[in-house]
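Number of protein chains: 2
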Amino acid sequence: MARVVVDVMLKPEILDPQGRAVQGALGRLGFTGVTDVRQGKQFVIEVEGEITDERREQLHVIAGELLCNPVIEDFILIVEEDQ
Amino acid sequence: MARVVVDVMLKPEILDPQGRAVQGALGRLGFTGVTDVRQGKQFVIEVEGEITDERREQLHVIAGELLCNPVIEDFILIVEEDQ
């Protein structure tokens, strides 16, 4: 068993109105000193068997096409092999 | 400067239709062996200054009220202090 975590985040140059709303709300709730908030998506994928280099490459391609919009989003893929 | 990452995920007992849709799509794209997919939200909060225990506690309370719906969601809060 392995767990693959894909974090999808808007590219830094793309405005993030949801993050901006959270930033405003944090200030109103009394938490000061926040300089930026970005909101993204996280996918946690449980996979049977080992993640070979080939499967990792396959996941990378799929994540870039299925899980994120490469025009406006970046993603990070982390593989956590189970002990 | 510190970075606070809040990962919000549906509780395990709550159905996740978006995750289920991704799981189906992964299979159709030829990536087999996926046993479960969960989709969540991720907030990346950039904060000035140090995160003291008091501020961390304050963030915990706010995250539980503002960033997640505690009826159906769990959250994890990770503080990454800048070197």
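In order, the protein sequences belong to chains P and H. Counted the way my numbering counts, the first sequence spans residues 164 to 246. Counted the way my numbering counts, the second sequence spans residues 164 to 246. Glycine included, each C-beta is placed from N, C-alpha and C at the ideal position. Just so you know, these numbers come straight off a predicted model, no measurement behind them.
* Asked: If we cut at 8 Å on Cβ distances, does Gly203(H) have a partner in chain P?
  -> A Cβ of chain P is located within less than 8 Å of the beta carbon of Gly203(H).
* Asked: With distances taken from CA atoms, which of Asp237(H), Val171(H), Leu192(H), Glu228(H) is nearest Glu228(P)?
  -> The residue among Asp237(H), Val171(H), Leu192(H), Glu228(H) with its C-alpha nearest the C-alpha of Glu228(P) is Leu192(H).
* **Start-to-end residues for the beta strand (DSSP E) that takes in Ile208(P)** => Element bounds for Ile208(P): 197-210.
* To do: Quick one: residues in its chain with C-beta nearer than 8 Å to the C-beta of Glu213(H), no 5 flanking neighbours on either side, listed in chain order?
  => Excluding residues up to 5 positions away in sequence, Ala165, Glu244 lie with their Cβ nearer than 8 Å to the Cβ of Glu213(H) in the same chain.
* Neighbour flag for Asp245(H) against chain P, beta carbons, 8 Å -> At least 8 Å separates the CB of Asp245(H) from every CB of chain P.
* To do: Return no unless some Cβ of chain P is closer than 8 Å to the Cβ of Ile225(H).
  => Chain P contact via Cβ: present.
* To do: Please state if the CB of Arg201(P) and the CB of Val207(H) are separated by a distance shorter than 8 Å.
  => Contact flag set, yes.
* **Interfacial residues, the segment 177-202 of chain P to chain H, with Cβ spacing under 7 Å** => Listed by position, the residues of the segment 177-202 of chain P near chain H (Cβ gap below 7 Å) are Val185, Ala188, Leu189, Leu192, Phe194, Gly196, Val197, Thr198, Asp199, Val200, Arg201, Gln202.
* Have a look at Asp179(P), Gln186(P), Glu209(P) and flag the residue whose alpha-carbon is nearest the alpha-carbon of Gln186(H). => Looking at the Cα atoms, Glu209(P) is the closest of the given residues.
* On the premise that Ile177(H) lies in contact with Ile235(H), defined as a C-beta separation below 8 Å, what is that separation, rounded to the nearest angstrom? -> Yes, they are in contact, since the Cβ atoms of Ile235(H) and Ile177(H) sit about 5 Å apart, within 8 Å.
* Asp216(H) (DSSP reduced to helix, strand or coil) -> Of the three classes helix, strand and coil, the one that applies to Asp216(H) here is helix, per DSSP.
* Asked: Are Gln205(H) and Val167(H) touching if we call contact CB-CB under 8 Å?
  -> Going by C-beta atoms, Gln205(H) is not nearer than 8 Å to Val167(H).
* Please work out which residues of its chain come closer than 7 Å, Cβ to Cβ, to Asp179(H), disregarding the five sequence neighbours upstream and downstream, and give them in chain order. => Closer than 7 Å at the Cβ level, and outside the excluded window around Asp179(H), lie Leu173, Arg201, Gln202.
* Mapping DSSP to helix, strand and coil, what is Ile241(H)? -> Correct three-state label for Ile241(H): strand.
* Asked: What are the boundary residues of the alpha helix (DSSP H) that includes Val185(P)?
  -> Start and end: 180-191.
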